[in-house]
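Visitor: Questions regarding the structure given below will be posed in turn.
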Amino acid sequence: MAKKDTQLKAEQAGGEKLTIYDYEQRYTKRQNVRGAKFFMRFAAILIGIVVFVCLFFVAKEIYELHPYAGYSAAGVCLVLYIVLYIVPLVKIMRTGYFVTNVNGFTAREAQKHNRKLRHEIADKIIDLTAKVEGVGWYDSEAVGRLAIAVKTGDEEGVKNTLTELYKGSVKKSAKELIFKSSLRSATYSAISQTAKVDTVLVAFINIQLVKDLVFLYGFRPSDARLAKIFARVLQNALISYGLGGMNIGQTVVQTMGSAVKGIPILGTAIAAIVDSSVQGLANGTLTTVIGYQTIKYLNTEYRLQNILDGVDVSETPVELEEACTELETQLKKKKKLAEAV
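Take the sequence shown: its position 232, counting from 1, is numbered 276 in the numbering used here, and each next residue is one higher.
The structure is reproduced here in structure tokens:
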């Protein structure tokens with residue numbers, strides 16, 4: 045990809061404009077659009093099922109201890125499920141995305157769609173910076189230039205300023221969001237020490253992180269890439285469940301042998317500390333991976349739409365004339381062959 049971008053810059057420097065055929069050859073992949081949307085939704089449903097089942101069994105365990113407490117726990121679990129999973133998921137799915145996987149037939153519409161989305165993102169960033177005091181996500185000077193570019197209809201100014209923001213303050217803010225989410229995931233997992241609760245926490249925090257990054261950037265990854273992110277969230281939740289069910293600490297204590305045989309309380313404490321630290325670190329790392337995978341996809345698709353915006357999708361009169369001449373020549377050849385037979 046880096047080699048292709050270097051070649052593209054060399055062509056642009058030489059005054060050559062990338063054609064849609066060049067773009068299609070370099071950046072377009074065969075993709076089943078309906079299939080990508082289906083797998084994205086399917087992965088989201090699977091995450092929802094896993095989380096719902098874990099919450100159900102948590103409420104059931106509390107119910108077995110005390111019925112009224114169980115009913116209360118069920119209500120709380122339902123509210124948490126809606127607020128921390130359904131709502132963020134809907135917000136992610138409803139956010140617009142750049143269309144970059146195009147061909148000669150769809151490129152022009154994609155350019156129009158992407159141009160409109162860029163302006164929507166710019167308006168959101170300007171509005172958020174003006175109305176929310178101390179948000180600190182975006183560089184104020186760059187946002188000021190962005191506002192001027194939008195007001196004056198300077199399309200290149202909008203593109204260049206958004207690119208500056210994504211490479212600067214947005215990137216920094218994204219890293220801060222990832223770190224905070226990873227720290228929460230590690231801390232909560234270390235405290236909970238329950239496989240089902242760990243699973244729910246990891247799923248909730250991962251989905252919330254994706255939602256926050258999408259809100260920060262102003263657009264979401266495409267269906268195909270979002271399906272991969274959801275699949276990773278599901279994988280993280282299942283790994284977390286597996287870690288929660290492992291007695292890592294007990295294994296460590298057993299290897300220590302006689303050193304802790306005479307102090308059973310010490311052995312139990314060591315086991316608990318080791319289990320919590322391993323689970324916390326693992327779940328925090330998994331959350332970090334989700335965050336960086338998300339911003340990688342967002343940056344890739346923003347870069348591709350910028351390239352696509354500069355692509356020439358119209359045929360020149362010379363190319364059209366050559367195509368018509370070639371067609372006429374071939375038809376004459378076929379006609380002569382038919383007459384000869």
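We put the CB at the ideal spot given by N, CA and C, even for glycine.
Kindly list the residues whose CB is nearer than 7 Å to the CB of L133, restricted to its own chain and excluding five residues on each side of it in sequence; keep chain order.
Guide: The answer, listed in chain order, is A88 and I251.
Visitor: Am I right that V146 and L352 are in contact with their C-beta atoms under 8 Å? What's the rounded C-beta distance?
Guide: Yes, V146 and L352 are in contact; Cβ-Cβ is about 7 Å, under 8 Å.
Visitor: What's the call for R74, buried or exposed, on a 16-neighbour Cβ count within 10 Å?
Guide: Classification of R74: exposed, given that the 10 Å Cβ count is below 16.
Visitor: If we count Cβ pairs, one from each stretch, closer than 8 Å, do we get three or more for the stretch 162-169 versus the stretch 118-126?
Guide: Output reads no: the stretch 118-126 does not touch the stretch 162-169.
Visitor: Leaving aside the five residues before and after L325 along the sequence, list all residues of the same chain whose C-beta is less than 8 Å from its C-beta, in chain order.
Guide: Result list for L325: A230, in chain order.
Visitor: Excluding five sequence neighbours on each side, which residues of the same chain lie with their C-beta closer than 8 Å to the C-beta of Y107?
Guide: The answer, listed in chain order, is A113, G114, Y115, A117 and A118.
Visitor: Between which two residues does the alpha helix (DSSP H) carrying K219 extend?
Guide: S213 to S236 is the span of the alpha helix (DSSP H), which, as asked, contains K219.
Visitor: Count the other CB atoms, across all protein chains shown, that sit within 10 Å of the CB of V244; report buried if there are 16 or more and exposed otherwise.
Guide: V244 comes out buried.
Visitor: Do you know offhand how far Q374's Cα is from L381's?
Guide: Computed Cα separation, rounded: 11 Å.
Visitor: Would you mind stating whether V214 and Y182 have Cβ atoms separated by less than 8 Å?
Guide: Yes. Within cutoff.
Visitor: Is the stretch 263-276 touching the stretch 333-342, taking contact as three or more C-beta pairs under 8 Å?
Guide: Enough Cβ pairs lie closer than 8 Å, so yes.
Visitor: Note down the Cα distance separating V77 from F83, rounded to an integer number of angstroms.
Guide: Whole-angstrom Cα-Cα distance: 10 Å.
Visitor: Tell me the DSSP bridge mates of T63?
Guide: D356.
Visitor: Could you check how far apart the C-beta atoms of V386 and R70 are, in whole angstroms? I think they sit under 8 Å.
Guide: Look at the range of the chain in this structure, 45 to 385, and you will see that residue 386 is not part of it.
Visitor: Quick one, which of R189, A154 and L278 has its alpha-carbon nearest E208's?
Guide: Residue R189 is the option with its Cα nearest to E208.
Visitor: Straight-line CA distance for A316 to T329?
Guide: Its pLDDT being 41, under 50, A316 is placed unreliably by the model, and nothing is read from it.
Visitor: Measuring only the C-alpha atoms, how far is P265 from H110?
Guide: For P265 and H110, the distance between alpha carbons rounds to 45 Å.
Visitor: Closer than 8 Å by C-beta to K104: which residues in its own chain qualify, once you throw out the five before and the five after it? Chain order, please.
Guide: Only G114 meet the Cβ criterion.
Visitor: Could you pull the start and end residues of the alpha helix (DSSP H) that H157 belongs to?
Guide: Residues A151 to K175.
Visitor: Once you ignore the five residues that flank T63 on each side, which residues in its own chain have a CB closer than 6 Å to its CB?
Guide: Correct list, in chain order: D356.
Visitor: Could you tell me which of I126, I170, V143 and A174 sits nearest to K160, measuring between CA atoms?
Guide: Comparing Cα positions, the closest option is V143.
Visitor: Report the rounded CA-to-CA distance for Y65 versus G148, giving the unit in angstroms.
Guide: The straight-line gap from Cα to Cα measures roughly 7 Å.
Visitor: With the cut-off set at 8 Å, would you say L172 and L221 are in Cβ contact?
Guide: No; because the gap between Cβ atoms is not below 8 Å, this pair is not in contact.
Visitor: If you run the structure through DSSP and keep just helix, strand and coil, what is E370?
Guide: Helix, per DSSP.
Visitor: Are there 16 or more other CB atoms within 10 angstroms of the CB of K240, so buried, or fewer, so exposed?
Guide: The residue is buried, with at least 16 neighbouring Cβ atoms inside 10 Å.
Visitor: What whole-angstrom Cβ distance do L128 and F223 have, given they're in contact under 8 Å?
Guide: Contact doesn't hold; Cβ gap of about 20 Å is too wide.
Visitor: Would you decide whether F101 is buried or exposed? Buried here means 16 or more other CB atoms lie within 10 Å of its CB.
Guide: So F101 counts as exposed.
Visitor: Measuring straight from C-alpha to C-alpha, what distance separates V246 and N327?
Guide: Using only the alpha carbons, I get a separation of about 7 Å.
Visitor: Where do the ends of the alpha helix (DSSP H) carrying S184 lie?
Guide: First-last of the alpha helix (DSSP H) with S184: S184 to T196.
Visitor: Restricting to Cα atoms, I'd like to know which of S226, T332, E199 and S217 is closest to K156.
Guide: Cα-wise, what sits closest to K156 is E199.
Visitor: Taking V97 as the reference, which of R347, Y285, I334 and T332 has the closest Cα?
Guide: Ranking R347, Y285, I334 and T332 by Cα distance to V97 puts Y285 first.
Visitor: To the nearest angstrom, how far is it from the Cα of Y125 to the Cα of K81?
Guide: Between Y125 and K81, the C-alpha separation is close to 23 Å.
Visitor: Indicate the three-state DSSP secondary structure (helix, strand or coil) for P265 in the structure shown.
Guide: Reduced to three states, the DSSP call for P265 is coil.
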